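Comments concern the structure below.
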Amino acid sequence: MDRTIAELVRLRYVNLYCINIKCKRNMPELPEVETVRRGLQPVLEGQKLTSVVVRRSGLRIPFPKDFAKKLTGKTISHLTRRAKYILMHIEGGDVVIIHLGMSGHMTILAKNIPKPGKHDHVDFCTSNAVTVRFNDPRRFGLMTLTTEKGLETHKLLKNIGPDPLANNFNHITLADALVGRKVSIKVALLDQKTIAGLGNIYVSESLFRSGISPLRLAHSISGVEVEELTKCIREVLIEALDAGGSSLNDHVKPDGKLGYFQNNFKVYSKGDETCNRCLRARIKKIKQSGRSTFYCPICQS
DNA sequence: CTATCCACCTGGCGGC
DNA sequence: TGCCGCCAGGTGGATA
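Take the position in the first sequence, starting the count at 1, then add 283; the result is the number in our numbering.
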């Protein structure tokens, strides 16, 4: 039975519906965050928030004063995304900034709403009797408030680089962002002000696909290589997004649980395994700036 | 200014 | 079986 989320909610078919997945190797990077946004969109847009329940004083940062109070009774106009942030636009000009951190996920509860568990920090209850529950065991996520006017200059968003899936992003944008950077290309791509939305997984995957060693210095990447890298970043992200999208649209099980993203990683977490491109080298795992990097020493140079 | 390092947090896993 | 300690990750702020 394949149905969209909106349909399932309308039919009150969904008991428990996990939008994001508690899968060890699926930290929320751009594709996962975008998938969550797309999953929430049909159930939240145009709905009034009848109540907002906040169960602790803060996550990575404190909740704003009167967070719940300011949102209660307001209508959600639409959901957008900037880098790994989900933006919930409220009629009247407020905007809720949501970051899933490392372990944050959303659950849509359409009936038989269970008692909140240990890490269920926030509930958004809407006029269509749906509860969207935010759970985040590690509490690296955050929620805060700003306004439409303050969005561009908000501390969390103002220094974020271009979105790799946006139309205005291309190899020239990326090349510009790498000029003079004396860090490795791996570290530069992980930096959100170079490019928005890549995390540890997709940086390794993009570099593998483009055949560029993660150890190269950012400023040493040639124009031709940046062009290839740009193409590969987009491909990797779009493929992950498609996998997420198919999870949302096609893999709804009768019990309402979402199908898992497929892990088609070529190098990430594949340390010591034989490279499936050259079939000769073993994937190396190294540390760069305290973060693990996976790459093929033959395919990437 | 840029680069590096650390704190934040908890579940999961390896080792004993 | 149980417990201990380490590790993973994204980000901002402190430090060099």
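All residues carry an ideal CB built from backbone N, CA and C; glycine is no exception. If you're wondering where the values come from, they're calculated on a predicted model, not measured in any experiment.
Strand pairing of Q571, partner residues [DSSP]: R574
Contacts around K568, its chain only, beta-carbon distance under 8 Å, and the 5 residues preceding and following it disregarded: G554, D555, S575, T576 and F577
Local Cβ density within 10 Å of R339, reported as buried at 16 or more and exposed below that: exposed
Own chain, CB closer than 6 Å to I443, minus 5 neighbours either side, in chain order: Around I443: A366, Q475 and A479.
Range covered by the alpha helix (DSSP H) that runs through V486: N483 to S493
Residue interval of the alpha helix (DSSP H) (run including I373): That residue, I373, is in no alpha helix (DSSP H); its beta strand (DSSP E) goes Y368 to I373.
6 Å Cβ shell around S572 - same chain, five flanking residues per side excluded: V470
G506 versus K348 - alpha carbon distance: 48 Å
Whole-angstrom C-beta distance between L362 and M371, which should lie under 8 Å: 6 Å
DSSP-derived helix/strand/coil call for F407: strand
Identity of the residue in P325, E315, F548 and R499 nearest I391 by Cα: For I391, the nearest C-alpha among the options comes from P325.
Distance between beta carbons of R416 and D403, contact taken as under 8 Å: That belief holds up - the Cβ atoms of D403 and R416 are roughly 5 Å apart, short of 8 Å.
Stretch-stretch touch, CB-based, cutoff 8 Å, three pairs: the segment 455-470 with the segment 489-507: yes
Any alpha helix (DSSP H) of 4 or more consecutive residues that is wholly inside the segment 304-349: Restricted to the segment 304-349, the alpha helix (DSSP H) segments that are unbroken, complete and at least 4 residues in length are 313-327, listed in chain order.
K307 versus L434 - alpha carbon distance: Residue confidence is low: K307 scores 41 on pLDDT, short of 50, so the model does not pin down where it sits. No coordinate-derived value is stated.
Burial state of V230 (16 or more Cβ within 10 Å): Look at the range of the chain in this structure, 284 to 584, and you will see that residue 230 is not part of it.
N559 burial status per 10 Å Cβ neighbour count (16 or more: buried): Looking at its Cβ environment, which holds fewer than 16 other Cβ atoms inside 10 Å, N559 is exposed.
8 Å Cβ cutoff met for V405 and V337: yes
Cβ neighbours of I302 in the same chain (closer than 6 Å, five flanking residues each side left out): Because the pLDDT at I302 is just 49, under 50, the model does not fix this residue reliably, and the value given afterwards should be weighed accordingly. Closer than 6 Å at Cβ, skipping near neighbours: V319, G322 and M389.
Residue from A449, L448, T477 and I373 with nearest C-alpha to L457: In terms of CA proximity to L457, T477 leads the group A449, L448, T477 and I373.
Candidates L440, S552, L354 and R517, of which the one nearest N450 by Cα: R517
For H454, three-class secondary structure by DSSP: helix
Option nearest C408 by Cα separation, candidates L481, V550, A526 and T355: Ranking the options by Cα distance to C408, first place goes to T355.
Burial state of A460, where buried means 16 or more other Cβ atoms lie within 10 Å: buried
Secondary structure of I468, DSSP reduced to three states: Helix at I468.
Whole-angstrom C-beta distance between L425 and I344, which should lie under 8 Å: 5 Å
Limits of the unbroken beta strand (DSSP E) element including D419: No beta strand (DSSP E) contains D419, which DSSP labels as neither H nor E.
C-beta contact flag for G527 and E312 at 8 Å: no
The beta strand (DSSP E) enclosing L434, as first and last residue numbers: Neither: L434 is in no beta strand (DSSP E) and is coded neither H nor E.
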